[in-house]
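Take the sequence shown: its letters are residues 2 to 404, numbered as in the numbering used here. Below: one structure, written as structure tokens.
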Amino acid sequence: HMDPKTLCLPIDAEEAVDVLVVGGGVAGICAAIACARNGCDTALIEMDPCLGGNSSPLLGVHVSGAHSFHPYASETGIIEELELEAAQRRAKTRTHGNHYNISYTWDLVLQDALAEAGVRVFRNHQGRQAWRDGRRITAVAAVDVEHFRTRLFRLRVGVVDASGDGVVARAAGAATMLGSEAASTFGERSAKPESSAETMGTSITALVRKCALPVDFVLPHRFAARARLEGPPPPLKAYPSSWDPAAECCFLWVTESGGERDTILDAAAIREEILYQLYRTWDNVKNHSFPEAARHWELIWVSPKSGKRESHRFVGDYVLTQTDVENATPFGDSIGYGGYGVDIHEADGTRAKVVFHSIPPLWNFPYRCTYARDLDNLWLAGRLMSVSHLALGTVRRMRTMGA
């Protein structure tokens, strides 16, 4: 038990809430709306200026789930409400394939839904510290990075950590899992013989458009010296899969890195690497492999947010496994379902190998995966849930986590 006055930063403001949701991604937003609709005085903090997590206008990843592999199935509930409202309001960036989305209208759809439910939203707030009294979290401190202030949230009920990296859950002392488990840990058929600290890597997106006049591309100076050392890039045998020269605008997803590093503490270095890989690939397209097809194409936007797939996971009273999702194990305390492929990105620092281990049937997950086993009032949402590394390959889809 600690007194919040011992925090090294002064407390500038205080809030008393029933439930604090840490993280404004799809999972956190659905959790906050559910809490508020069930009568809880709820606050949500998000460290970015935009809501939506990896689906926000800062990155724009598609909100996908079971429908990607099962044409007559999709996760419903609150996430379905949000998606239908977004469709009605045309909250979609119109590009080839429509797979990514940086429309700010999506942020407004999420903000309106939270406001309608009565959730107080604090953007640009990063959860940093938690205080306990025995097995209960009593308060959480968040840094308001926009106004250089620290806000203390005193809790009447508890915390939902949906932050992706689980800083508050770790500060509270919740047990974690990291990396991939050995086959002997859970008996999963695709697990490797030895455990590893390696996680799935991180990606960025970029937007390119076709212009009326030719557009030159010069590799940024910060990357040119490394490119000279590496020499001419190998010729591409085909267009990058996300680029269609016949379209007007395309989002690019061409790279991933960082799985062999600490995706939290090394995030800046990982971003520098994937930026290099992105620019090097576009330089290859424009100036080496397809100069005629790409002559009128311009790189106009690179996502300011990096898309992280995995860092820490936390331990509940049950750990969902690859075996569970592939067998569609029924759980008496089931609270949601999914059906995306068991999709594991294996990154070695310079490339990404995407392995689909299976396309499972519609599977369900138990309530026991969504709270920390060593605390009485800490719930886990999103990719923090109590699942194995392999199960995360299907659990981590945003529509599934929203359910």
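Just so you know, even glycine gets a beta-carbon here, dropped at the ideal spot from N, CA and C. All values derive from a computational prediction rather than experimental measurement.
Burial state of residue i (16 or more Cβ within 10 Å)
i           : result
residue 314 : buried
residue 205 : buried
residue 225 : exposed
residue 126 : buried
residue 238 : exposed
residue 378 : buried
residue 266 : exposed
residue 391 : buried
residue 185 : exposed
residue 149 : exposed
residue 365 : buried
Option nearest residue i by Cα separation, candidates the options
i           : options            : result
residue 300 : 100, 309, 216      : 216
residue 200 : 271, 157, 151      : 271
residue 163 : 60, 92, 23         : 23
residue 339 : 76, 25, 18         : 76
residue 208 : 80, 96, 399        : 96
residue 336 : 273, 147, 379, 402 : 402
residue 370 : 320, 361, 395      : 320
residue 246 : 364, 64, 211       : 211
residue 268 : 242, 250, 312      : 312
residue 188 : 20, 390, 324, 404  : 324
residue 399 : 185, 151, 81, 141  : 81
residue 368 : 227, 334, 290      : 334
residue 219 : 394, 243, 285      : 285
residue 110 : 357, 229, 25, 283  : 25
residue 27  : 108, 345, 168      : 108
residue 302 : 382, 345, 235, 283 : 283
residue 227 : 130, 145, 273      : 273
residue 264 : 381, 167, 366      : 167
residue 21  : 122, 233, 236      : 122
residue 170 : 193, 360, 145, 141 : 141
Beta-bridge partners of residue i, as assigned by DSSP
i           : result
residue 365 : 338
residue 354 : 347
residue 46  : 23, 123
residue 258 : 203
residue 380 : 161, 372
residue 1   : With the chain covering only 2 through 404, there is no way to say anything about residue 1.
residue 149 : Paired residue(s): none; residue 149 is not in a bridge.
residue 248 : DSSP, once it has assigned bridges, lists no residue as partnering residue 248.
Cβ shell of residue i (< 7 Å), same chain only, five flanking positions each side left out
i           : result
residue 397 : 310, 384
residue 99  : 93
residue 50  : 124, 125
residue 37  : 43, 118, 119, 120
residue 175 : 315, 373, 375, 376, 379
Neighbourhood of residue i by C-beta, 6 Å cutoff - its chain only, sequence neighbours within 5 removed
i           : result
residue 69  : 341
residue 248 : 97
residue 79  : 31, 34
residue 241 : 255
residue 305 : 59
residue 362 : 329
residue 131 : 138, 141, 169, 172, 173
Near the ligand COA: residue i beta-carbon under 7 Å from a heavy atom
i           : result
residue 365 : Because no ligand of any kind appears in the structure shown, any question about the ligand COA cannot be addressed here.
Cβ of residue i within 8 Å of any chain B Cβ
i           : result
residue 257 : In summary, chain B is missing from the structure at hand, where a single protein chain is found.
Close-in-space but distant-in-sequence residues of the same chain around residue i (CB under 8 Å, 5 per side omitted)
i           : result
residue 308 : 55, 60, 62, 203, 204, 205, 206
Three-pair Cβ contact test at 8 Å for the stretch 125-138 versus the stretch 353-361
Contact between the stretch 125-138 and the stretch 353-361 is absent, because fewer than three Cβ pairs lie under 8 Å.
Three CB pairs or more closer than 8 Å across the stretch 241-260 and the stretch 183-198
Taking a contact to require three or more Cβ pairs closer than 8 Å, the stretch 241-260 and the stretch 183-198 do not qualify as touching.
Give a yes or no on contact between the stretch 8-26 and the stretch 73-90, applying the rule of three or more CB pairs nearer than 8 Å.
No, the stretch 8-26 does not touch the stretch 73-90.
Across the stretch 170-186 and the stretch 28-46, are there enough close Cβ pairs to call them in contact, namely three or more that are closer than 8 Å?
Cβ pair count under 8 Å is below three, so no.
Is the stretch 54-64 touching the stretch 100-116 in the sense that three or more CB pairs, one from each, lie closer than 8 Å?
Look at the beta carbons and you see the stretch 100-116 touching the stretch 54-64: at least three pairs across the two are nearer than 8 Å.
On the three-pair Cβ rule with 8 Å, is the stretch 324-340 touching the stretch 280-296?
The way I'd put it, the stretch 324-340 doesn't touch the stretch 280-296; fewer than three beta-carbon pairs between them come closer than 8 Å.
Contact the stretch 244-259 vs the stretch 272-281: 3+ CB pairs below 8 Å:
Between the stretch 244-259 and the stretch 272-281, the count of C-beta pairs closer than 8 Å reaches three or more; the two stretches touch.
Touch test, the stretch 147-156 against the stretch 107-118, Cβ-Cβ under 8 Å, three pairs minimum:
These segments do not touch.
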